[in-house]
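Novice: I am attaching a structure below and will ask some questions about it afterwards.
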Amino acid sequence: MPEIYLDNSATTRPYDAVIELMGRVQRQIYGNPSSLHAMGVEAERLIRKARAAIAAILNGREDEIFFTSGGTESNNQAIRGTALRHSRRGNRIITSPIEHPSVLNCCRQLAKEGFKISYLPVDSAGYICLDELRRLLGNDTVLVTIAHVNSEIGTIQPVQEIGEIIKKLSPGTLFHVDGVQSFGKIPVNPPHWQADLFTCSAHKIHGPKGVGALWVKKKTMLQPLLQGGEQEGSLRPGTENVAGIAGFGLAAAETARDQLDSASLMRQLKIQFYRALKQAGLDVALNGPPLEESAPHIINLSFKGIRAEILLHSLEQYGIYSSSGSACHSRRPEPSHVLQTIGLTGERLTGALRFSFSVFNTVSDVTTAAGCTVKAVREFGK
Amino acid sequence: MPEKILIRYGEIALKGKNRRYFEDSLSRNLKRAVKDTGARIVRIQGRFLALVPEEEVNQALHHLSRVFGVVSLSVVKPAPLDLAAIKTAAGNLVESLPEQLGSFKVETRRSNKGFPLTSPEINREVGAYLLNRFAGMRVDVHQPSFQLYIEIGPEEALLYHDSISGPGGLPVGVSGRSLLLLSGGIDSPVAGWLAMKRGLSIEAIHFHSFPFTSMRSREKAVDLCRVLARYGETVPLNLVSVTEAQKEIRAKCPEELGIILLRRMMIRTAEAVSRMKGLQALVTGENLGQVASQTLESLAEISAVTGMLILRPLLCMDKQEIVSKSQALDTYEISIRPYEDCCTLFVPRHPVTRPTAERLEQAEAALNIDKLLEHAMGSLETEFIKS
């Protein structure tokens, strides 16, 4: 049974070239980048190449890229690193209630340590309220942290406008964009947005797991999370994950090369999938912004008469992989905080399933997936 | 020179003519438990002795302390049947202890009546020897801080000073064979353990209903059987799909009866599996009043579909007692892994708590029970889970 992987917001299949490169690096170029000999120099060269690839996509400088263990670490470094370094200027952090747990829980921890966290309200499509941002911003605000693309419903926040508001009303406030779901999918330009920090991750763009980066605008001061050697400008000590970083660089370059084509392919697949379900007469509701407006690769749908987990498992029988909006984290399944925040209740909430696409998906995948979804809902729904 | 562990059993010694059968079962179970340590099990009067390579003693104690039927265990030091040799051995044992001792008492049990001294005489002789050899020791027969036990056997004397408790109960296998309904929750593994404790050997049956439940509930059942197998023998795990039954019940029966109807299908299926395999009873983790399907009325209607004996070892335990037991058994952490089992996704908003036979039979009239049973039996797979 061919697999149809539609859970690309969770993680993606690495490019074959990435897997090959990483294997080769680990077999042949296993030197420590800090070593003085040729092996070290070679490893260092690989990291520099990756750094350049990522800097180019972000429209940033190479010395502004800091490699980390992934999105979670980058978010923690950005938020905690800012809060601790700039606490003398103020103690307020502004974020939204639909952020990733690595942002929300990092903020919760800082709240315990005396920081004040303000959550911007979001509307039913997941857009944050800019007026509230204007109202809250003040001299005590050290950081605004917002995800560019919401991982569950695909809302693209107006980061350009957010940056303008922040720098106009409170120029000292740092602006962090969590770009894990936007990097490689839609154009990103943190310097242009007047952002100070930008998070990205390799495994969402067909790179390896366990590696990510934080873009830190030149001259931005951060408190390191870890103490150690002088790697990554002492912000991120520890011997570099050379193979992972090289794989990240290659995946980023590959993704960037035809990003616009990829985006329009994914958007086309997403729309085709939705239309096929509708045409079959399925009672299905779209969560988040209209399909033309949301991120090209994410669609979140509520199915009537069937719980998301059941639909997910029945699709799995056909080799189709999706993600339930209400992650069954506990015996008492806790519905997604994002879907609850945008106002979903009852069946809309428990029946929400996310499909997320990648360049590896084809039109025929989507036709099959839609057909199987219709079949599964009819078979297992009530 | 191998170390010796004295293995005591209690209850089974009382069982009249069956004694021999019980002892043979225990012997077999003990041998299986210590197989990997290279230990040998030998029978001595009313006891077993494990002869264990020195470096494996702790491992063997660990395994033996899980064998049902064992009351307690002691690491013993042997001595020839000679008073002087016993005294020396007693002195060496005291000397090997990590701390200096204050008050002590010697207690002798002389099963070999051919030994020239009586038990009180041996107590006095050995006590005097120890007082003489170790300064600072004194005898206290009422509340000694240390007791030295001497057993005078037919071939040698055995000396020891403390014992660890075994689980008690009866050797697994002596009471017959049963089928445990293993859901993956906290209760059913504890029920299985208790059934084993009373000498039942168990097979398990786990109902899955992919896609209604995750594949991971099956892994959970395997892991739980692996833990249960530590207390007895390999556990055959029967995996059965109830997806068809679940679909039919959802489609054709009132929502509030869903769980109890599914439970009745599971019992019917379990009975069919038991009959096929020659198992004599069903064991469930049901507990009076814990959830709607466990009221007296519900339990009665669940039992009503089978002629087989259903054992419910947890029936009158409190939830906290069950949780503590499952923590002690190391099944708790497996049981609370966050995956739905057959029922958790199907809990109706208002489950019926006092079902009547008429209502259930009426609802089941809409189902083709025989066909569902056939379908479930057709999906049967059996895996043999070792510890």
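If you're matching them up, the sequences are chains A and B in order.
Position one of the first sequence corresponds to residue 0 (numbering that gives the first Met the number 0), numbered consecutively onward.
Position one of the second sequence corresponds to residue 0 (numbering that gives the first Met the number 0), numbered consecutively onward.
Glycine residues also receive a C-beta, built at the ideal position from the N, C-alpha and C atoms.
1) Give me, in chain order, the residues of the same chain whose beta-carbon lies closer than 7 Å to that of B:Arg-132; leave out the 5 immediate sequence neighbours on both sides.
2) Out of A:Cys-105, A:Arg-88, A:Ser-86 and A:Thr-366, state which residue places its alpha-carbon closest to the alpha-carbon of A:Ser-95.
3) Chain A partners of B:Phe-206, CB-CB under 7 Å?
4) By the criterion of Cβ-Cβ separation under 7 Å, what are the contact partners of B:Arg-249 in chain A?
5) Please name the residue in A:Ile-64, A:Gln-156, A:Ala-42 and A:Gln-25 whose C-alpha comes closest to that of A:Ser-200.
6) Give me, in chain order, the residues of the same chain whose beta-carbon lies closer than 6 Å to that of B:Val-66; leave out the 5 immediate sequence neighbours on both sides.
7) Here's the rule: buried if 16 or more other CB atoms are within 10 angstroms of the residue's CB, otherwise exposed. What is A:His-328?
8) Within the continuous alpha helix (DSSP H) that includes B:Cys-252, where are the two ends?
9) Near B:Glu-320, what residues of its chain come up, given a Cβ to Cβ distance below 8 Å and the 5 sequence neighbours on each side ignored?
10) Only counting the same chain, and skipping five residues up and downstream in sequence, which positions put a Cβ closer than 6 Å to that of A:Ser-150?
11) Does any residue of chain A bring its CB to less than 7 Å from the CB of B:Pro-210?
12) Have a look at A:Ser-101, A:Gly-22 and A:Phe-354 and flag the residue whose alpha-carbon is nearest the alpha-carbon of A:Arg-79.
13) Below 8 Å between beta carbons is the criterion; list the residues of the stretch 230-246 of chain B that meet it against any residue of chain A, in chain order.
14) Taking C-beta pairs closer than 7 Å, name the residues in chain A that B:Ser-213 reaches, listed in chain order.
15) When you compare the stretch 286-293 of chain A with the stretch 1-20 of chain A, are there three or more beta-carbon pairs, one atom per stretch, that lie closer than 8 Å?
16) Of all the beta strand (DSSP E) runs that stay within the bounds of the stretch 156-214 of chain B, which reach a length of 3 or more residues?
17) Who are the near neighbours of B:Gln-245 in its chain, counting only those whose CB is closer than 6 Å to its CB and skipping five residues on each side?
18) Considering only the alpha carbon of each residue, which of B:Asn-57, B:Leu-82 and B:Leu-80 lies closest to B:Val-74?
19) Compute the distance between the beta-carbons of B:Glu-363 and B:Met-307, then report whether it is under 7 Å.
20) 7 Å is my cut-off, CB to CB: does A:Ile-305 come that close to chain B?
21) So is A:Ile-319 in contact with chain B if we call contact Cβ pairs under 7 Å?
22) Let me confirm a value: A:Gly-167 is counted as buried when at least 16 other C-beta atoms fall within 10 Å, else exposed. Which label applies?
23) The alpha helix (DSSP H) spanning B:Gln-146 covers which residue range?
24) For A:Glu-315, return the contacting residues in chain B, with the cut-off set at a CB-CB distance below 7 Å.
25) Tell me which same chain residues have a C-beta within less than 8 Å of the C-beta of A:Ser-325, skipping the five on either side of it?
26) Counting only beta-carbon separations shorter than 7 Å, does A:Ile-56 have a partner in chain B?
27) Please name the residue, chosen from B:Leu-72, B:Tyr-230 and B:Asp-23, that lies closest to B:Lys-196 on a Cα-to-Cα basis.
28) Under 7 Å, Cβ to Cβ, is there at least one residue of chain B near A:Ile-270?
29) My guess is that B:Leu-281 and B:Ile-266 are in contact by the Cβ rule of under 8 Å, so how many angstroms apart are they, rounded?
30) Could you pull out every residue in the same chain whose Cβ sits closer than 7 Å to the Cβ of A:Gly-227, ignoring the five residues on either side in sequence?
31) Below 9 Å on C-beta distance, what does A:Ile-309 contact in chain B?
32) What residue range is occupied by the uninterrupted alpha helix (DSSP H) comprising A:Glu-292?
33) In the DSSP assignment, what residue or residues form a beta bridge with B:Pro-77?
34) Is it true that the stretch 143-158 of chain B meets the stretch 186-206 of chain B, where meeting means three or more beta-carbon pairs spaced less than 8 Å apart?
35) Could you tell me how far apart the beta carbons of B:Tyr-159 and B:Lys-86 are, in whole angstroms, since I believe they sit closer than 8 Å?
36) From the DSSP secondary-structure annotation, give me the bridge partner or partners of A:Thr-366.
Specialist: Considering the structure as presented:
1) The beta carbon of B:Arg-132 sits closer than 7 Å to those of Gly-90, all from its chain and outside the five residues before and after it, given in chain order.
2) Looking at the Cα atoms, A:Cys-105 is the closest of the given residues.
3) The contacting residues do not exist; B:Phe-206 stays about 15 Å from chain A at best.
4) Lys-381
5) A:Ile-64
6) Asn-28, Leu-29 and Ala-32
7) Low local confidence applies: a pLDDT of 43 at A:His-328 is under 50, so the model's placement there is unreliable, with the coordinate-based value given in what follows. Label assigned to A:His-328: exposed.
8) No alpha helix (DSSP H) contains B:Cys-252, which DSSP labels as neither H nor E.
9) none
10) Ser-8 and Gln-180
11) Taking Cβ atoms only, chain A reaches closer than 7 Å to B:Pro-210, which makes this a yes.
12) A:Ser-101
13) Lys-246
14) His-312
15) no
16) 156-159, 175-180 and 199-207
17) Ser-208 and Phe-211
18) B:Asn-57
19) no
20) no
21) no
22) Per the sequence presented here, residue 167 of chain A reads as Lys, with Gly not at that position. By the neighbour-count rule (16 or more Cβ atoms within 10 Å), A:Lys-167 is not buried but exposed.
23) Run containing B:Gln-146: none in the alpha helix (DSSP H); it sits in the beta strand (DSSP E), 145-151.
24) For A:Glu-315, the C-beta contacts it makes with chain B under 7 Å involve Pro-210, in order along the chain.
25) In this prediction, A:Ser-325 has a pLDDT of 46, which is less than 50 and means its spatial position is unreliable; nothing more can be read from the coordinates.
26) Answer no: the Cβ-Cβ gap between A:Ile-56 and chain B never drops below 7 Å.
27) B:Tyr-230
28) no
29) 7 Å
30) Pro-236 and Gly-237
31) Pro-210, Phe-211, Thr-212 and Leu-344
32) Run containing A:Glu-292: none; DSSP gives neither H nor E here.
33) B:Leu-157
34) no
35) Wrong, their Cβ atoms sit about 16 Å apart, outside the cutoff.
36) BP columns for A:Thr-366 are empty, so no partner.
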